[in-house]
Amino acid sequence: MNTLKNFSKGLIKENPVLVLVLGTCPTLATSTSVSSALGMGAAATVVLLCSNIVISALRKIIPDKVRIPCYIVLIAGFVTMVQMLVKAFAPALDESLGIYLPLIVVNCIILGRAEMFANKNKVFDSAIDALGMGAGFTLALTMMATIREIFGNGTFLGIEIPVLAENHISILTMAPGGFFVFGCLMALVTRLSKKKPKKEEFGCAGCPSAGLCHKAQCGEEAEK
Amino acid sequence: MTRFIIILLSAVFINNYVLSRFLGICPFLGVSKKLNQATGMSIAVIFVMLISTAVTYPIQKCLLDPNNLEYLQTIVFILVIAALVQLVEIILKRYMPALHKALGVYLPLITTNCAVLGVTILNIDEGYTFAESMVNSLGSGLGFFLAMVMFSGVRSKLEGADIPKAFQGLPITLVAASITSLSFLGFGGIIENLFA
């Protein structure tokens with residue numbers, strides 16, 4: 000597979016946040032300031048990279064039936080490692096991310112990539128895919144955080160911006176602003192890519208990985 | 000007693016899981032289209048939050064803390080929740096088929112819901128006692144229920160609306176969620192003054 004194409008698809012065409020709509024919770028919660036958005040992006044990328052490499056390397060060993068629990072244990076292990084590293088070397092970031100750091104475990108992007116890509120592809124390709132997806136996640140987060148921090152707080156990376164600092168729209172840094180900016184960005188992406196709006200079915204039941212996800216299938220069977 | 004009421008009310012209104020802490024957004028956007036689905040999902044969430052708190056809190060206090068294994072929190076909690084959900088599903092299927100039929104579809108989807116893992120970790124982080132943790136979980140679940148039911152009402156009004164093309168689908172849903180969460184901002188500071 001073309002390595003460059005493999006990397007760049009995560010940035011725009013299959014952007015995990017704005018196009019695939021995965022990982023909405025951390026996106027909304029940690030995009031109040033650019034520094035915490037970058038921190039969240041970096042932490043998620045590291046976990047994604049490690050889990051994709053290991054899952055891809057073990058793809059022939061892990062039995063198919065118990066793969067989801069195996070993935071969750073692997074991901075939780077890496078999240079714990081990242082959590083300890085951040086606590087030790089960047090206590091300020093740990094403070095600002097708070098509960099959302101351990102919650103990387105349930106970030107659908109990571110489990111989704113493991114299920115959709117890493118268990119079918121070679122180690123190198125999976126690593127590149129993880130880097131691309133991680134970069135796409137960080138890009139979307141930073142874009143949202145830039146808008147919210149500049150207009151909501153009048154600062155950028157903590158540096159005050161002359162006129163905006165006196166006239167900031169503080170609602171943008173609060174919860175409603177997060178939903179609003181996210182909605183507008185998504186509308187912008189739809190407009191620019193000029194494709195038909197996707198169906199709004201998603202969430203766990205309509206999540207892109209639901210078809211592959213063992214748990215969602217259990218739910219469907221239970222329904223029958 | 001006052002403390003329990005404060006914890007309960009602030010979990011429902013001020014620190015609403017969906018609308019101000021951004022946990023459990025996926026089911027909030029995915030399952031809130033119809034009122035009955037929204038209700039079923041929220042009841043399943045309340046149920047799972049309560050039992051997972053009842054199980055993870057003793058694990059943290061009796062197993063992890065005395066043995067200096069706090070760093071295993073994330074791994075242990077997610078595994079316990081996943082196993083617990085499966086177990087509850089099996090038990091319900093066997094002994095309470097009616098309840099299983101109502102909640103069964105939503106139970107497996109809840110394992111990867113960040114609100115459940117979030118509430119168990121937050122209970123430990125906030126230093127609540129066991130009773131306070133249970134009250135907090137109940138409040139968080141009720142807050143989720145309230146947000147889901149309110150939002151499904153908002154969404155049913157959106158169906159017939161004339162929406163600009165680029166905003167159709169998810170973007171307009173998010174903007175509507177923004178306005179719904181705006182209404183919850185008004186509760187800030189009320190609870191403390193209620194008992195002052």
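Residue numbers (numbering that gives the first Met the number 0), protein chains in the order written: chain A, 0 to 223; chain B, 0 to 195. Here a beta-carbon is modelled for each residue, glycine too, at the ideal position from N, C-alpha and C.
Assigned exposure category for residue i - 16 Cβ within 10 Å defines buried
{"i": "A/P101", "result": "buried"}
{"i": "B/T73", "result": "buried"}
{"i": "A/P62", "result": "exposed"}
{"i": "B/D161", "result": "exposed"}
{"i": "B/M95", "result": "exposed"}
{"i": "B/P26", "result": "buried"}
{"i": "B/N122", "result": "buried"}
{"i": "A/G202", "result": "Interpretation of A/G202 is limited by its pLDDT of 45, a score under 50 that renders its predicted location unreliable; the figure taken from the coordinates is listed afterwards. Buried, because 16 or more other Cβ atoms sit within 10 Å of the Cβ of A/G202."}
Nearest neighbour of residue i, chosen from the options [CA to CA]
{"i": "B/I80", "options": "B/A37, B/L98, B/T52 and B/L71", "result": "B/T52"}
{"i": "B/G168", "options": "A/M39, A/T2, A/G9 and A/V20", "result": "A/V20"}
{"i": "A/A41", "options": "A/E165, A/I160 and A/D93", "result": "A/D93"}
{"i": "B/I189", "options": "B/V134, B/E88, B/P57 and B/I13", "result": "B/I13"}
{"i": "B/L157", "options": "B/L193, B/V174, B/F144 and B/K100", "result": "B/V174"}
{"i": "B/K33", "options": "B/M149, B/I171 and B/P170", "result": "B/M149"}
{"i": "B/F21", "options": "B/A130, B/A114 and B/F166", "result": "B/A114"}
{"i": "B/K100", "options": "B/E125, B/E131 and B/I42", "result": "B/I42"}
Minimum Cβ-Cβ distance from residue i to chain A less than 9 Å
{"i": "B/G23", "result": "yes"}
{"i": "B/I171", "result": "yes"}
{"i": "B/C61", "result": "no"}
{"i": "B/R93", "result": "no"}
{"i": "B/K164", "result": "yes"}
{"i": "B/D124", "result": "yes"}
{"i": "B/N112", "result": "yes"}
{"i": "B/T38", "result": "no"}
{"i": "B/V174", "result": "yes"}
{"i": "B/G168", "result": "yes"}
{"i": "B/I58", "result": "no"}
{"i": "B/R20", "result": "yes"}
Any C-beta of chain B under 9 Å from that of residue i
{"i": "A/C24", "result": "yes"}
{"i": "A/C107", "result": "yes"}
{"i": "A/R190", "result": "yes"}
{"i": "A/T280", "result": "The first residue shown for chain A is 0 and the last is 223, placing residue 280 of chain A beyond what the model contains."}
{"i": "A/P196", "result": "With a pLDDT of only 48 at A/P196, under the threshold of 50, the placement of this residue in the model should not be trusted; the figure read from the coordinates follows. Cβ-Cβ to chain B under 9 Å: yes for A/P196."}
{"i": "A/M143", "result": "no"}
{"i": "A/P207", "result": "Its pLDDT being 43, under 50, A/P207 is placed unreliably in this model, and the coordinates cannot settle the point."}
{"i": "A/F178", "result": "yes"}
{"i": "A/M173", "result": "yes"}
The alpha helix (DSSP H) enclosing residue i, as first and last residue numbers
{"i": "B/V17", "result": "B/V17 -> no alpha helix (DSSP H), and no H or E assigned at all."}
{"i": "A/I11", "result": "A/I11 -> no alpha helix (DSSP H), and no H or E assigned at all."}
{"i": "A/S32", "result": "Note, A/S32: premise wrong, no alpha helix (DSSP H); not H, not E."}
{"i": "B/P26", "result": "I24 to G29"}
{"i": "A/E165", "result": "P161 to E165"}
{"i": "A/R66", "result": "R66 to F88"}
Residue j beta carbon less than 9 Å from that of residue i
{"i": "A/R66", "j": "A/K119", "result": "no"}
{"i": "B/S151", "j": "B/Q36", "result": "yes"}
{"i": "A/T44", "j": "A/T137", "result": "yes"}
{"i": "B/F76", "j": "B/L106", "result": "no"}
{"i": "A/D128", "j": "A/N14", "result": "no"}
{"i": "B/V11", "j": "B/S139", "result": "yes"}
{"i": "A/G227", "j": "A/G9", "result": "Residue 227 of chain A lies beyond the residue range present for chain A, which begins at 0 and ends at 223; the question has no answer from this structure."}
{"i": "A/M30", "j": "A/G177", "result": "Looking at the sequence itself, residue 30 of chain A is Ser, so the reference to Met does not match. Yes."}
{"i": "B/V44", "j": "B/F144", "result": "yes"}
is_contact[residue i, chain E] using C-beta, thresh 9 Å
{"i": "B/A81", "result": "Reference to chain E is not applicable here, since the protein chains of this structure are A and B."}
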